[in-house]
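*Asks:*
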Amino acid sequence: MAINGETPELTYSWPLFESGARFDLGGLIDSIGLPSISSMPVWQSDALARQGIGLWECDLRDNSLAWSPVTYDIFGFARGSRLNREACAACYAEGSRAIMERLRGYAIRHRRGFTVDVELRSGGPLRHMRLIAAPVCNAGRVVRLQGVKRLLKD
Numbered sequence: 003m004a005i006n007g008e009t010p011e012l013t014y015s016w017p018l019f020e021s022g023a024r025f026d027l028g029g030l031i032d033s034i035g036l037p038s039i040s041s042m043p044v045w046q047s048d049a050l051a052r053q054g055i056g057l058w059e060c061d062l063r064d065n066s067l068a069w070s071p072v073t074y075d076i077f078g079f080a081r082g083s084r085l086n087r088e089a090c091a092a093c094y095a096e097g098s099r100a101i102m103e104r105l106r107g108y109a110i111r112h113r114r115g116f117t118v119d120v121e122l123r124s125g126g127p128l129r130h131m132r133l134i135a136a137p138v139c140n141a142g143r144v145v146r147l148q149g150v151k152r153l154l155k156d
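Be aware that the sequence shown starts at 3, since it is given in the numbering used here, and climbs by one per residue.
Okay, structure coming up:
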C-alpha cells in the first residue's frame, strides 16, 4: 500500500508469539516487555517517555482508549483529555489511516501483531510515526490491542 504514491518504510504483520521480539525493535523498549499502561511502574513509563515512546491500549468492547502522556503529545492533544477513537483515527493521513485500519482488522481477526509507519496530520505539520500493535487475548478471543507509538525523525 502506498502513502502519497510511495511505499511506506515499514508495514507488516507478525504472529502473536513474536511480540517480545517486535516490541524490542531497534532497542525501543529494551528488555522491559510491554505491560498494561495501568499496571506499568512509573519508572518504566518515565524511561519510555525519555525515549519519546508513547504507550496505548484500545479496549475492543467499546473502543475506549488509554494513552500514556507521550502518546497525547504525539497527537497534539492535551494530556488527560477525553479520547475518542474516531477522532484519533482522523489524525492519520488518509492513506495511512486506510493501512492502519486494514492491519488492525487483520490483527483482530487473526490474532497477529503489526508494525507500520504512518503519516499524522494532527495539530501542525505532517509527521511520521511508527505504530507497533499486538492483540491481547482472553480465552482465545482478542479483547484489547496495545502497543507503542513513536515519532520518526524526518
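Virtual Cβ for every residue (Gly too), placed ideally from N, Cα, C.
(1) Please identify the residue among ARG63, LEU62, SER66, SER83 whose C-alpha is closest to the C-alpha of VAL176.
(2) Identify the continuous alpha helix (DSSP H) that holds ASP119 and give its terminal residues.
(3) Pick helix, strand or coil for SER66, following the three-state DSSP scheme.
(4) Taking the alpha-carbon positions, what's the ALA100 to ASP48 distance?
(5) So, do the stretch 49-57 and the stretch 104-117 have three or more beta carbon pairs nearer to each other than 8 Å?
(6) Considering only C-alpha positions, which residue in the set ILE134, SER66, ALA91 is nearest to PHE116?
(7) Name the residue from SER70, ASP61, LEU153, VAL145 whose alpha carbon lies nearest to the alpha carbon of ARG123.
*Replies:* If we stick to the structure as given:
(1) Outside the displayed range of the chain (3 to 156) lies residue 176, so it cannot be described from this structure.
(2) Per DSSP, ASP119 belongs to no alpha helix (DSSP H); it is in the beta strand (DSSP E), 114-122.
(3) Three-state DSSP puts SER66 in a strand.
(4) 32 Å
(5) no
(6) ILE134
(7) Looking at the Cα atoms, LEU153 is the closest of the given residues.
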